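A short write-up of the structure that comes next.
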Amino acid sequence: MEPNKKNYYVEIKKLLKTRKITLRIIVAPPRSASTLLENLFAAGTKSTKIHEPFLYFGHWEKEEDKILKTVYNQIKKNEEKDVILKEMSQSIYEKAIYKKLFDLTEFPILFAIRSPLLCVESKIRVVLKSTEVKKRYMTQRFLLNFYAKENGEKSWAALEKKPANSKKMNFLSKIKDPYNTPNLKLQKKLLDYYTSKKGYKNWEKMINYATNHQDYRHFEDLIKGIGKRVSTNEFGWNQLKEEIDYCKKKKDFAILDTEELRKNPEKTLKKITKIWKFKFKKNILTWKKGEFYEISKKNRETDLIWYESLMNSNQIIPTRGPMPNLNLFPAHIQKYVKTIAMPKYNQLKKYGELIRT
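Per this note's numbering, residue 6 is the first one in the sequence shown, and the count goes up by one each step.
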């Protein structure tokens with residue numbers, strides 16, 4: 006560390022101690038209703054929310070101290086004496102940052118879990134639905150390579166090199182270097198081309214069929230091609246189990262299956278408030294529609310997809326519809342759910358720290 010440069014981990018510890026701020030932490034794999042929990046407790050206890058500060062750690066953001074500085078500033082600028090920090094299990098696994106994070110709080114860590122069939126299906130669904138509203142390098146590159154292969158070449162680079170293929174590239178509409186220049190209009194054209202080769206009229210028709218039937222088998226190549234957002238590593242179950250087993254040796258914790266929360270909200274929340282040592286208030290059970298998630302200008306289109314249920318809710322309701330059919334997932338995700346996620350979920354359901362109602 007550079008001379009006189011602040012160590013923001015140490016600064017956070019000082020801040021929590023000198024201002025007598027309480028920090029409570031929620032950790033979960035994606036799509037486990039952890040954002041609902043975060044908002045419930047932040048509203049019910051008038052706490053400051055810190056939402057997934059380590060989201061890009063190890064990917065776009067490599068410096069731990071930059072993220073800790075953001076956390077420090079968020080705590081410092083608020084007058085509230087309580088902080089709820091919610092994070093994804095895979096995000097804090099990088100460089101074992103979870104060990105440092107857990108050491109910041111005197112309260113038990115709350116781990117939220119949910120059947121992998123539900124949370125994996127949910128993540129596949131929202132990632133695919135957001136594909137047409139967000140331009141991304143990996144998506145466009147996959148689609149360009151797909152187009153090239155359908156036109157007899159091994160890759161987009163190979164197609165571009167041959168002057169004879171110029172007519173096959175008319176759809177580019179003068180976009181220079183499309184492989185390195187994400188363009189939403191082009192991406193939508195390519196998505197429609199992709200779906201036409203899968204037997205559908207357009208992307209919208211294919212997505213509607215897939216989400217209505219929870220059938221994602223035709224998307225296997227796209228899911229593999231668009232990168233980390235739906236890689237099996239990003240479903241977070243391996244990391245979650247390791248973080249919980251660390252706590253078994255080092256830290257008090259509790260596990261909540263959020264399906265229990267949906268079935269019996271009041272009883273479940275009373276148990277959590279007892280564990281976290283604050284008074285249960287009935288007003289935590291209902292809220293104004295749209296109150297629980299603030300749409301960011303930068304990510305408006307994707308937020309409307311990822312947090313649709315939360316934004317349209319005003320109370321906790323049971324999960325609706327049938328349990329997703331594992332056989333309708335892409336083959337590599339079927340294998341992950343069957344051999345990794347479900348066994349770990351079933352193990353955690355047997356832990357004595359599981360909140361039972």
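Note that CB positions come from ideal geometry on N, CA and C, so glycine has one too. Keep in mind it's a predicted model, so treat the numbers as computed, not measured.
Proximity to residue i [Cα-Cα], best of the options
i: LYS255; options: LYS18, PHE107 and ASP70; result: PHE107
i: TYR341; options: LEU60, ILE249 and GLY241; result: GLY241
i: LEU331; options: PRO187, SER120 and SER318; result: SER120
i: THR75; options: LYS11, ASN175 and LEU41; result: LYS11
i: LYS3; options: LYS279, ILE280, PRO335 and LYS275; result: Outside the displayed range of the chain (6 to 362) lies residue 3, so it cannot be described from this structure.
i: ILE360; options: PRO323, LYS268, LEU261 and LEU245; result: LEU261
i: LYS193; options: PHE176, THR278, ASN185 and LYS167; result: PHE176
i: TYR198; options: TYR103, PHE147 and TYR13; result: PHE147
i: ALA47; options: HIS56, PHE59, GLU57 and ILE89; result: ILE89
i: LEU290; options: LEU28, LEU41, LYS19 and ILE26; result: LEU41
Where residue i sits in the DSSP three-state scheme
i: PHE116; result: strand
i: PHE4; result: Any property of residue 4 remains undetermined from this structure, which presents the chain solely from 6 to 362.
i: ALA33; result: strand
i: THR186; result: coil
i: ARG325; result: coil
i: PRO335; result: coil
i: PHE176; result: helix
i: TYR13; result: helix
i: SER160; result: coil
i: ARG141; result: coil
i: ILE228; result: helix
i: PHE368; result: Since the first residue shown for the chain is 6 and the last is 362, residue 368 is missing from the structure and cannot be characterised.
i: SER236; result: coil
i: GLU126; result: helix
i: LYS2; result: Residue 2 lies beyond the residue range present for the chain, which begins at 6 and ends at 362; the question has no answer from this structure.
i: TYR199; result: helix
i: GLU306; result: helix
Counterpart residues of residue i in DSSP-defined beta bridges
i: GLN320; result: THR291
i: ARG222; result: None; ARG222 has no bridge partner.
i: LEU2; result: Nothing can be reported for residue 2, as the shown portion of the chain is limited to 6 through 362.
i: LYS136; result: According to the sequence shown, residue 136 is Thr rather than Lys. DSSP output for THR136 lists no bridge partner at all.
i: LEU28; result: VAL88
Whole-angstrom C-beta distance between residue j and residue i, which should lie under 8 Å
i: ILE231; j: THR144; result: 5 Å
i: VAL125; j: TRP311; result: Actually they do not touch by this definition, with Cβ atoms about 15 Å apart.
i: LYS91; j: GLU43; result: 4 Å
i: LYS134; j: THR237; result: At roughly 20 Å, the Cβ-Cβ gap does not stay under 8 Å, so LYS134 and THR237 are not in contact.
Any non-hydrogen atom of the ligand FMN closer than 7 Å to residue i Cβ
i: GLU358; result: Because no ligand of any kind appears in the structure shown, any question about the ligand FMN cannot be addressed here.
Requested in this report: Return the chain-ordered ranges of every beta strand (DSSP E) run that is complete within the segment 47 to 117 and spans a minimum of 3 residues.
Outcome: Taking only runs of at least 3 residues, the beta strand (DSSP E) segments lying wholly in the segment 47 to 117 are 53 to 56 and 87 to 93.
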